[in-house]
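As given, the protein sequences belong to chains A and B, one line each in that order.
Under the numbering used here, residues 1 to 461 are what the first sequence spells out, in order.
Under the numbering used here, residues 462 to 624 are what the second sequence spells out, in order.
Note that CB positions come from ideal geometry on N, CA and C, so glycine has one too.
None of these values were measured; they are calculated from a predicted model.
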Amino acid sequence: MVDNIHGEIELSEHEWRVVNTATFQRLRSLKQLGMGHLVYPNATHSRFAHSLGVFGIMRRILRKLREQGETLESSDEENLRLAALLHDVGHYPYSHLMERVDFVKLTEEEIDGSGQREASASRALYPDHEELGRHILQNQQDIREAIGGAARAKEIGALFSRLEVADAQISKLIHSSLDMDRLDYLLRDSRAAGVPYGLIDLNYLLSNIRISPNGVLGVEMKALAAAEHFLLARLFMHRVVYYHKTIFGFEESCRQLLRRVRDSGRYTIAADGNGIRELCGQSQLSSFTDDYVDRIIHEAAADPQDEVIRTLARCITSRIPPKLVGEVSGLQKKGDPVHAGVMFQKGCKAELAPLAAKFGLHIGQFLLCAPKPIKLEERGALLTRAEAEKLKPEERDELIKVFMPGSKEPKSIVEIDGSVIKYLSDYSFGIHRLYLADLSPDAEKRWPEIKKAVEKWTRAE
Amino acid sequence: MNRQQIALALALAEAGVPIKVGHFVERLVIQKSVCVLQFAGVNLGYRFHWYLHGPYSTDLTSDAFWLAGLKQEVKDELKGWRLDRGSRERIASLKDLFTVAPVAQLAKHLELLASILFIVRTGQANGDDYAQICHLLQKSEKPFTLADVTEGAATLRKYGISL
């Protein structure tokens, strides 16, 4: 097939059978960028296209390694390709909005003095999309048979979830520092949104990879700049697209809405992880698309009982984004607990309740958020450079590795003196925001006063 | 702090596992404690993969470092929060698992238990196939014998953690 990012992608007959199952075709109805299309109109590309893109990259990497004399069993290669193709088969609607609903903190839970709050670790959590993917491969007959039976489906699921004890080195190719997932989505999201920040030099990176004698994947030194750019591209795509103030406002509204509707017990939404597994293990899987969430949002827009649910839903259905009342963002030194973002959060928590009361607003109309800081190197820990250097091999597995001239084994990019990542790795990019979802007729009239109040106490010493 | 970090801090406090990350064994204790707790039904939501030396969660390392760095901030944030009763009771019933001293011994003990659980619960061996479990562990360069695995499995069953 022809892909707008990678060009022609060749699939075997077996792989076509997998793609043509209803289970895999479901991915056409999941938008890769969640609510990104509400700001970037062409950002409607699907998980389907992304999955094929990751598959295409895996094919290129395997071909490159074969050219270098690396031999894998053909069955292992087939499994790796299938794992790449199926890595998102368990994805939830609207990207990660629904997946993490158990960890959404409602604004009233953030506020000081709001009484005893309970963190439940007894509820069956919504499974993450990898676990759900494994569940789907085992329980959806069409894809299980297309893959080649239950045993093979289990093997593929273990591969993309990195569960295999016996073949840890094989699954490293999927989860290596050169993250195939990221290599595709940065390019794809960038092109779809129409911004240049994710346009990485994929060809040069893939032309300069190799595996060390110890089985570690790395890039040649001459591709260091391309590797650095790859990491920085992620930072800029977060700033411009993934954490765009309007997109993020809609998505936070949706997150808080989904948590509220689920907790209300009045909506048809899986009550817990067992409900999700049941839905995805049966014929209802085909309905578990973005429409599943759209239906909930439209129903919630007419909620007869809860004003906050109604307001959050109507923000989305009317495309009236919650207003950004205050924001603190910028590079923050890792491990530094006292920085502007923390002070902003403290101010919000202390002052939001009286502010809401003064204007007759429900505290839940304020959305206090701090998305995960954007790290510049590994996907994993928010570590300082000194901490990263102390990590044992198993802990630093996901750091990008670079082959220094004359060295057999690659070094982590954070250890390379000439790399800008070494110095930037002491920092992460943090964003702290406060939004207000207010659709009442008085919204415009009270907005300047609310904004002024927030500016005043968030800048207070 | 998000809800996951709050639940993590509360659960480790209940289990008596200090949030210390300065040394590898301390980080190992946190990793394997959370892994065991999750398999025992305390749902903290960390995704574990099999790394070179056993089940490991990168997000957990991230959160553990962050919590360790905050100290007083953590105490302030946790004010007014508590873990649900069911989880507190479950952790209380398991607490002895996390109190073997010294820390290096505790780390090794928990590594065995977490690895056995991971292998069995991910379907890579049956719960009573100690030979296969041992074989997989040794293939991963883990120095555990068949006797260790047998004893580990018995310990897990004793604490009501099914294999």
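| Query | Result |
| --- | --- |
| Starting from Gln332 (chain A), trace the beta strand (DSSP E) both ways and give me its first and last residue. | 323–333 |
| By the three-class DSSP mapping on this structure, what secondary structure does Pro516 (chain B) have? | strand |
| Spell out a yes or no on whether the stretch 19–38 of chain A and the stretch 129–149 of chain A are touching, meaning 3 or more CB-CB pairs, one atom from each, closer than 8 angstroms. | yes |
| Enumerate in chain order the residues of its own chain whose CB-to-CB distance from His37 (chain A) is below 6 angstroms, with the five nearest sequence positions on each side excluded. | Ala43, Thr44 |
| Please list the partners that Ser554 (chain B) has in chain A, where partner means a Cβ-to-Cβ separation under 8 angstroms. | Simply none; closest approach about 14 angstroms. |
| From what residue to what residue does the beta strand (DSSP E) around Val18 (chain A) run? | No beta strand (DSSP E) contains Val18 (chain A), which is instead part of the alpha helix (DSSP H) from 13–19. |
| Applying the criterion that 16 or more other CB atoms from any shown protein chain within 10 Å of the CB defines a buried residue, is Ala381 (chain A) buried or exposed? | Bear in mind that the predicted position of Ala381 (chain A) carries a pLDDT of just 45, short of 50, making it unreliable; the figure below should be weighed with that in mind. Classification of Ala381 (chain A): buried, given that the 10 Å Cβ count is 16 or more. |
| Check distances from the C-beta atoms of the stretch 503–531 of chain B to those of chain A and list, in chain order, the residues that come in under 8 angstroms. | Val503, Asn504, Leu505, Gly506, Arg508, His510, Trp511, Tyr512, Leu513, His514, Gly515, Tyr517, Thr519, Asp520, Thr522, Ser523, Phe526, Trp527, Gly530, Leu531 |
| With respect to the beta strand (DSSP E) encompassing Lys401 (chain A), which residues constitute its N-terminal and C-terminal limits? | 401–403 |
| In chain order, which beta strand (DSSP E) runs of at least 3 residues are fully inside the stretch 141–226 of chain A? | 209–211, 217–220 |
| Can you list the alpha helix (DSSP H) stretches of 4 or more residues lying completely in the stretch 74–110 of chain A, in chain order? | 74–86, 107–110 |
| Check the Cβ-Cβ distances between Leu231 (chain A) and every residue of chain B, and say whether any is below 8 angstroms. | no |
| Given a limit of 7 angstroms on CB to CB distance, which residues of the stretch 536–555 of chain B reach chain A? | Gly541, Trp542, Arg543, Leu544, Asp545, Gly547, Ser548 |
| When the Cα atoms are used, what is the spatial distance from Tyr427 (chain A) to Leu235 (chain A)? | 12 angstroms |
| Give the straight-line distance between the Cα atoms of His135 (chain A) and Leu163 (chain A), rounded to the nearest whole angstrom. | 14 angstroms |
| Which of helix, strand or coil does DSSP assign to Phe429 (chain A)? | strand |
| Would you mind stating whether Phe605 (chain B) and Leu598 (chain B) have Cβ atoms separated by less than 8 angstroms? | yes |
| Please state the DSSP three-state secondary structure of Lys600 (chain B). | helix |
| Considering only the alpha carbon of each residue, which of A:Val54, A:Pro304, A:Thr107, A:Leu205 lies closest to Val219 (chain A)? | A:Leu205 |
| Between Tyr620 (chain B) and Leu555 (chain B), how many whole angstroms is the CB-CB distance? I'm expecting something under 8 angstroms. | 6 angstroms |
| Would you report the Cα separation of Arg379 (chain A) and Met237 (chain A), rounded to the nearest angstrom? | Note that Arg379 (chain A) has pLDDT 41, beneath the 50 cutoff, so the model's placement of it is unreliable and no number is given. |
| Here's the rule: buried if 16 or more other CB atoms are within 10 angstroms of the residue's CB, otherwise exposed. What is Lys540 (chain B)? | exposed |
| Where does the unbroken beta strand (DSSP E) through Glu572 (chain B) begin, and where does it stop? | Taken as a continuous stretch (DSSP letters only), Glu572 (chain B) belongs to no beta strand (DSSP E), being part of the alpha helix (DSSP H) at 564–582. |
| Find out if the Cβ-Cβ distance for the pair Gln499 (chain A), Val308 (chain A) is shorter than 8 angstroms. | Since the first and last residues shown for chain A are 1 and 461, residue 499 (chain A) lies out of range. |
| Mind the definition here: the stretch 211–226 of chain A touches the stretch 410–422 of chain A only if three or more C-beta pairs lie below 8 angstroms; say whether that holds. | yes |
| Sort out for me which residues DSSP pairs Val490 (chain B) with in a bridge. | DSSP lists no partner for Val490 (chain B). |
| Taking 7 angstroms as the limit between beta carbons, can you name the residues of its chain near Leu30 (chain A), skipping five residues before and five after? | Ser46, Arg47, His91, Pro93, Thr289, Asp290 |
| For chain B, check one thing: does any of its Cβ atoms lie closer than 8 angstroms to the Cβ of Ser212 (chain A)? | no |
| Between which two residues does the alpha helix (DSSP H) harbouring Leu355 (chain A) extend? | 340–358 |
| Which residues in chain B have a C-beta closer than 8 angstroms to the C-beta of Lys501 (chain A)? List them in chain order. | The structure shown has nothing for residue 501 (chain A), since chain A only spans 1 to 461. |
| Span of the alpha helix (DSSP H) holding Leu279 (chain A)? | 273–280 |
| With a cut-off of 8 angstroms, does the C-beta of Leu558 (chain B) fall near any C-beta of chain A? | no |
| Taking the CB atoms as reference points, tell me whether Leu434 (chain A) and Cys348 (chain A) lie closer together than 8 angstroms. | yes |
| Counting only the same chain and skipping the five closest in sequence on each side, list residues whose C-beta sits under 7 angstroms from that of Asn214 (chain A). | Glu409 |
| Step through the CB atoms of chain B and report whether any lies within less than 8 angstroms of the CB of Leu368 (chain A). | no |
| Within the chosen definition, does the stretch 238–245 of chain A reach the stretch 184–200 of chain A through at least 3 CB pairs nearer than 8 angstroms? | yes |
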